[in-house]
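Novice: Quick one: the structure is below, questions incoming.
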Amino acid sequence: MKLTAIQRTFLVDQLGVKARPKKTLHIRSSSEKKDDAISEVFEDYLRREAKVLLSLTALERIAGTEKQVAALEHEVSEIQARARKAGYEDAPAVFKQAYKDLEDVKLRAARAAEIGAANPRFPALRQEVELALQKIAAHPQREHVETRTEEARGLLRTAVAENENKRYPQALSQIDSAKKACAEALDWAGQFNTYRVARTPAQVILLAMEDDFSDADWNAFKASLDQAEQDADVDTRKYAQATAAVKAVLEEMSEYLEEWTQDEIQIEIDKVEALPLAAFVDAEHQELLRMHGAVAQRVAAHDFAAIPALKDMALVVSTRAVDMATRRLAYDGKRQSAVDAVARLRPNTAMAGQVKAFDTVLKDQAAPLATAQRKRFEEAIALCEKVQKDCEALVGAAAVSQKFLDDRKRLTEGLSALRKLPAAAQMGEVLGALDGLLSEAGKRAAGETPDWPAGQEWLARLDSGLTAARTLAADLKDAMAARQAAQSAATPGDVAKAVESLRAEALKLEAEPCKALLAEEVKTIRLACEQALAKAAPGTDGKGADLEHARKALAQAAGLAAAGQGIRARQLDFDAALAQSRQRQKVLVERAKTGSFQALASQAAKLQPLLDGAVESAGTRAYATALSAVAQADEAVRAAEQAAEAIAAYDLRATPLGQRSATQKSAGDKVQDAEKLLATAKTALAELRFADARKALDQAEAKLEALKIARLAKANPADGDIARSAESLLQLDGGEKMLDDFVSTLTGRASFDLIVKLAEKRFGILLSSNDGKQTLSAKAIWAALASVPASHGTRSPSLKSVVHSNPDKGVSGAYGWTRKQATMEGRPDTGTEDYDASARQKALGLPLDYDTSQDPYAPKDPRPAELFNMTMLHEIGHAVDDRLAFMAGRAGQADFGGWVEYTDLGLIADAVAAAKKYDRGYVLQRLNGATPDAVAMPDGHPGGQAKWDSARQEVDNWYELAKNGDIWYDYAKSKRAAVAGVVYQEAYDNNWVSYLLDERRKGITGYQWRAPGEWFAELYMSWHGGKLKDNHPFAGWLKAL
């Protein structure tokens, strides 16, 4: 036969046969003979291949043989593939076998064509049956109809055999029976699948509500499902009845579930709506309403596992709302008290600066803390209490300042009225001096820290000076009348009358105690009067009276009389002020001679130079300067008097403390530190450093109180005085630290009850333990509480008790947000929290040789931390999160892990079904705890049945990891469970959560990735446990908690 170019190339190039021309009488070599043999068997193979293909073409013309033809063509292609692999050595054997195989195919094809032509209906019917069997084999309920399917297979085999034996009527009868059996099997499988699909959610809700019904009711529902299962048996085949029964159970139980769940959530809604500050927690109220509305949706979607999550979340939200409203109400009360305290100061213009500062604290500091967003009500309350306390402390100052303002106003008005008097023109120097006193008083009352008492001293001087000035103004009336009479004297009689008035003024000036002071003025006045009379009398020389010169003499006398009145008045005012000041000086000097008041000696010594200067100034008639010096002396006296009050208060504390120190020393207490502090206080007092003295006394008292506590505890840990002393100690500077130090020294079982009592005083926490190692564990709990900011562990509304148990178990902890209780198991020194490379590799997927030095998220060092202490810090972290609703307010934020908590598992089903390319309903049923039957593959599914079945297995694998794998400990498992970069997992029963996988490398431990609260608590634990770097990206908000 003639070979094609391709066939010739195969023969020559692959098989190595050499093409040679034929020669007559040529004796062929062995290689030539082998080449000829190969060529011959190759050509035979090719001829047989062509005939086979012709046979297949003939068979293909018969309807219903497509599958047979495809199968035979597949056999031919496999024979061809084997032939193409032949080599030079094995070619004859390969092609001979291929020839035989092709011959077998040809014979079978020819026989099938023959039979097909003789019984033309059979091939199509056979193909229908075989396709039906394939559908059954792929059907999710194939096992249910396995018996009928096997019957169909048997009928098919019989039909094929009958057809092969050319018993065509029998063959057709058998194939028709096989077709019917397949149709019935598919119908039964379909109806059973409908039943199973309906039964799965009914089974789920039945198990979910087992504890919600009475035993009788629940058993009745179960009996209905059991009966339905019997009705759906393949032998019974009451599929419609069974399906209706499970749907009825599902519908009835769903109605109960919906109603009861809504009722439970409504209870939480009612709680919130009944709150006095319901509007303040409107966001929580709206969230509860949304949950109430979502119940019907979840039930309708058969998302029954979401119902417990909804109820739990509703309780969380309502509890948070009640907590917020209660704490806000407490804040409102404290704020109102603070506002009322400020209001009492507001009318006092002298307090305007302080009032403004208080208003700023309440508005710009306290109010922003007490919002629904920040929830720092306790910090806001503390600010309000401080404002109230500071206002109350200013009540005395306010009274003093108000008196100053009232007095200044009164005196200013009096000074203004004085200026309007006719005598004011003669009182310029007096008025100037009074203005100076008013100015000095104002200076003392100015600035951010006005000294109202000092200002009051200057006003006192002004008050007495103004009184003297008014007297002077009255006295100047007569002097001014005398001057007027002198200026208008027109006759000797007028001059005589004027002289009489001026002599009366001179007599006033001669009165004690100013007789000597004004002697020259009196003498001059009288001389001028004599001169005036002489000039007004007619002379012996016959000349007339010289009235002009008489008036001049009278004017001089009148001026001296007026000036003398001013000097007299100012001297009397000075004398009175000096006498008063000297009396205060005398009292102070005497007081400074005794006991602790000797510290005032230096202040008392400053007074005499001031008073001496005042006397000297008054001696030169510089009364303004003299009175200013007296006022300065009074101001100094006032400061010393205030210091004396402080010294008296010091003595009231220091004396009994000294006696107590001596008593406790006799009782065996080591009071050396307290004695040193008392000495320090005494030194500070001598230097008039009262704040330092008070601080040292506080510390000394704290030392003595701590020593007393230790002594009492040693003698009898149950002594009730210990708790009372602890309460006193906590009020003192450094008392908390001293009590902490004392507790750290306690040992033995008997000390535990004492620690319990002290913990309630120190932290406001109820501590309990029911087993061994109580004192050791209680001390560790105490140390953790003392190590965090006060608002975190001391009188926190979110941490009311700590319960310790099972000391011989491994260390673990838990936080109960409903009871605000931390629970601890195990004991100290039995485990570590690891931060080394191995732990981080497992938890975060980081290589063992990962360089942590440049990673701010890495731990500060790889050293392990004490597990019990870290666990307690972790539980405190939960309480902080609860108080601030920190993670609840950051749900979904990538910077905080991207955490989401689910009350709609359909959202997870959507993501998983899309990623795994499998049925969403199947995924949702798995999330609801069911083990549903496989779902029939959709028509045209890419990859066919194998890919569909593989997708189902991937869903099952994912579910097992996400639900039961504890994958938060292991990065590799978490990565395998991730869906499109998101890790979904059941953190706790009925609590599905998710986070962003990429954020995990920013973590610190594996357990951090269990749930939102654990993410926060592990960071909190590591921060306060000293394991995070100072430049950690989260350091800012961790510090600000």
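Using my numbering, the first residue of the sequence shown is number 138, and each one after it goes up by one. Note that CB positions come from ideal geometry on N, CA and C, so glycine has one too.
Given this structure, state the Cα-to-Cα distance separating A1187 from R932, to the nearest angstrom.
Specialist: With the chain covering only 138 through 1178, there is no way to say anything about residue 1187.
Novice: Would you kindly work out how many angstroms separate the C-alpha atoms of S949 and D469, rounded to a whole number?
Specialist: Near 39 Å, if we compare the C-alpha coordinates of D469 and S949.
Novice: If we call anything under 9 Å between Cβ atoms a contact, is L548 one with L466?
Specialist: With respect to the 9 Å criterion, L548 and L466 are not classified as neighbours on the basis of their beta carbons.
Novice: If you draw a straight line from the C-alpha of A442 to the C-alpha of P944, how long is it?
Specialist: 36 Å
Novice: Only counting the same chain, and skipping five residues up and downstream in sequence, which positions put a Cβ closer than 7 Å to that of S167?
Specialist: Around S167: no qualifying Cβ.
Novice: I think V386 touches S361, with their Cβ atoms under 8 Å apart; what is that distance to the nearest whole Å?
Specialist: 5 Å
Novice: Relative to the alpha-carbon of R728, which residue among V1120, D806, A777, L747 has its alpha-carbon at the smallest distance?
Specialist: A777
Novice: First and last residue of the alpha helix (DSSP H) that includes M461?
Specialist: 443-482
Novice: So what does N1128 bridge to, in DSSP terms?
Specialist: DSSP lists Y1125 as partners of N1128.
Novice: Once DSSP output is grouped into helix, strand and coil, what is the label at M564?
Specialist: coil
Novice: What are the boundary residues of the alpha helix (DSSP H) that A610 is part of?
Specialist: 589-624
Novice: Decide if the segment 711-721 is in contact with the segment 767-776; the criterion is three or more beta carbon pairs, one per stretch, under 8 Å apart.
Specialist: yes
Novice: Counting only runs that start and end within the segment 635-682, where is the alpha helix (DSSP H) found for 4 or more residues in a row?
Specialist: 656-673
Novice: Distance, Cα to Cα, V266 vs A379?
Specialist: Each residue's alpha carbon lies about 29 Å from the other.
Novice: Quick one: what does DSSP say H941 is sitting in, helix, strand or coil?
Specialist: Strand.
Novice: Which of the three DSSP states is assigned to L983 in this structure?
Specialist: It is coil, neither helix nor strand.
Novice: Quick one: Cα of A433 to Cα of H439, how far?
Specialist: 10 Å
Novice: Thinking just about the alpha-carbon of each residue, which of R775, K1100, A755 is nearest to the one in L744?
Specialist: R775
Novice: Could you pull out every residue in the same chain whose Cβ sits closer than 6 Å to the Cβ of A887, ignoring the five residues on either side in sequence?
Specialist: Within its own chain, the residues whose Cβ lies closer than 6 Å to the Cβ of A887, once the five positions on either side in sequence are excluded, are P854, listed in chain order.
Novice: What's the C-alpha gap between Q95 and D612?
Specialist: The first residue shown for the chain is 138 and the last is 1178, placing residue 95 beyond what the model contains.
Novice: Near Q1062, which residues of its chain fall below 6 Å by C-beta distance, leaving aside the five closest residues on each side in sequence?
Specialist: T337, P1069
Novice: Given Y1121, which residues of its chain have a CB within under 6 Å of its CB, disregarding the five upstream and five downstream residues?
Specialist: I1045, A1099, S1131
Novice: Looking at L747 and S798, is the spacing between their C-beta atoms short of 9 Å?
Specialist: no
Novice: How is the alpha helix (DSSP H) around L876 delimited, first residue to last?
Specialist: Start and end: 872-881.
Novice: Alpha helix (DSSP H) containing M961: first to last residue?
Specialist: Unbroken run through M961 is the beta strand (DSSP E), 958-962; no alpha helix (DSSP H).
Novice: How big is the Cα-Cα spacing for L575 and Q624?
Specialist: Whole-angstrom Cα-Cα distance: 36 Å.
Novice: Please state if the CB of G872 and the CB of D710 are separated by a distance shorter than 9 Å.
Specialist: Contact flag unset, no.
Novice: Could you give the DSSP three-state label for A1071: helix, strand or coil?
Specialist: Here A1071 carries a coil assignment [DSSP, helix/strand/coil].
Novice: Out of A582, A451, R427, R513, point me to the one whose CA is closest to A489's CA.
Specialist: If we check each option's Cα against that of A489, A582 comes out closest.
Novice: Are there 16 or more other CB atoms within 10 angstroms of the CB of E642, so buried, or fewer, so exposed?
Specialist: buried
Novice: The beta strand (DSSP E) that contains A951, what's its start and end?
Specialist: Judged by DSSP secondary structure, A951 falls within the beta strand (DSSP E) whose first and last residues are 949-953.
Novice: Based on the DSSP secondary-structure assignment, which residues constitute the bridge partners of R969?
Specialist: Arg is not the amino acid found at residue 969; the sequence shown has Thr there. E1003, per the DSSP bridge assignment.
Novice: Closest by CA to G201, which one among S942, A250, E215?
Specialist: A250
Novice: What did DSSP end up calling L1165 once you bin it into helix, strand or coil?
Specialist: strand
Novice: Between which two residues does the alpha helix (DSSP H) holding S1087 run?
Specialist: Run containing S1087: 1081-1101, per the alpha helix (DSSP H) assignment.
Novice: Would you kindly check if the distance between the Cβ of T817 and the Cβ of A828 is under 9 Å?
Specialist: no
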